[in-house]
Amino acid sequence: MKCFECEKENKNTDTVSICIICGRGVCMDHLVREKVPVLEGEYEVRLKCMGDACELKDMQPLLKILCKPCHEALKENF
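Written out as structure tokens, the structure reads:
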């Protein structure tokens, strides 16, 4: 599988991971590995914290992989 973002830039880069939000394949240059906050609500997204501001009680136990567009969308809602 090739990186979705690299393909848009006409590059041919292998995928190293999958975004947990959108499912796109991403390479090392286009991924963000970060603590992901617990999402509250059924339809509206309400974040308790983002990145290093997350405390153990606020986050899911492991670091998660996101593509850069999904990471930016999460940050906008923070």
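With my numbering as the guide, the letters of the sequence shown map in order to residues -15 to 62.
Idealized CB from N, CA, C, for every residue including glycine.
What you are looking at is a predicted structure, and each value in this text was computed from that prediction instead of being measured.
| query | So the alpha helix (DSSP H) K59 belongs to, where does it begin and stop? | reply | K52 to E60
| task | Taking I2 as the reference, give the member of K59, K52 and K19 with the closest Cα. | result | Cα-wise, what sits closest to I2 is K52.
| Among E(-7), K(-8), N(-6) and D(-2), the one whose alpha carbon lies nearest that of K(-14) | K(-14) has its Cα closest to that of D(-2), out of E(-7), K(-8), N(-6) and D(-2).
| field | Reduced DSSP secondary structure (H/G/I, E/B, other) of K(-14) | value | Looking at K(-14) - three-state DSSP - the assignment turns out to be strand.
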